[in-house]
Amino acid sequence: MARFVLSLHTPPSDHDTTQRIVKFANACLAQGHTIGAIFLYQQGIYHASTHFDLSSDELQISALWQQLADQKLNLMLCVTAAQKRGLDIKNTGVFKVAGLAEFAMLASDADKWVQFK
727 MARFVLSLHT
737 PPSDHDTTQR
747 IVKFANACLA
757 QGHTIGAIFL
767 YQQGIYHAST
777 HFDLSSDELQ
787 ISALWQQLAD
797 QKLNLMLCVT
807 AAQKRGLDIK
817 NTGVFKVAGL
827 AEFAMLASDA
837 DKWVQFK
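Letter by letter, the sequence shown follows residues 727 to 843 in the working numbering.
Below is the structure:
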């Protein structure tokens, strides 16, 4: 089975891309593949914000990430991208703060790196 690393580059307002990465991750796991990490980069770091106030008829983004975290996936966000955009890196929910070097090491060990933009 293949070992994947995924990266998300779009903000939470891009529901299509958010749903694609979640469905892709779930499909990989269902087929017996492993996911070394999901890495939030560029505008994707906003998925780690704990300041969402969504109505019940909107896509519940934090619940999607929690479901993946419950499956013991390594959810990471780029510390530099987060700091540049003013995200509170001490309060990132289910995401672990990491650097690009850590992500690069995971990506180099993976069979496939899939970007969601």
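The beta-carbon is built from N, C-alpha and C at its ideal position, and this holds for glycine as well.
Helix, strand or coil at residue i according to DSSP, with G and I counted as helix
{"i": "residue 768", "result": "helix"}
{"i": "residue 761", "result": "strand"}
{"i": "residue 823", "result": "strand"}
{"i": "residue 803", "result": "strand"}
{"i": "residue 851", "result": "The displayed coordinates of the chain run from 727 to 843. Any statement about residue 851 would go beyond what the structure contains."}
{"i": "residue 810", "result": "helix"}
{"i": "residue 735", "result": "coil"}
{"i": "residue 796", "result": "helix"}
{"i": "residue 741", "result": "helix"}
{"i": "residue 815", "result": "coil"}
{"i": "residue 777", "result": "coil"}
Bridge partner(s) assigned by DSSP for residue i
{"i": "residue 754", "result": "None; residue 754 has no bridge partner."}
{"i": "residue 838", "result": "730"}
Whole-number beta carbon distance between residue j and residue i, since they are thought to touch under 8 angstroms
{"i": "residue 737", "j": "residue 767", "result": "Not really, about 12 angstroms apart at Cβ, beyond 8 angstroms."}
{"i": "residue 774", "j": "residue 803", "result": "5 angstroms"}
{"i": "residue 842", "j": "residue 735", "result": "7 angstroms"}
{"i": "residue 729", "j": "residue 837", "result": "5 angstroms"}
{"i": "residue 787", "j": "residue 744", "result": "6 angstroms"}
Proximity winner among the options, relative to residue i (alpha-carbon distances)
{"i": "residue 810", "options": "770, 843, 791 and 793", "result": "770"}
{"i": "residue 835", "options": "816, 793, 842 and 763", "result": "763"}
{"i": "residue 753", "options": "786, 782 and 727", "result": "727"}
{"i": "residue 756", "options": "778, 794 and 779", "result": "794"}
Cβ-Cβ distance between residue i and residue j below 7 angstroms
{"i": "residue 790", "j": "residue 820", "result": "no"}
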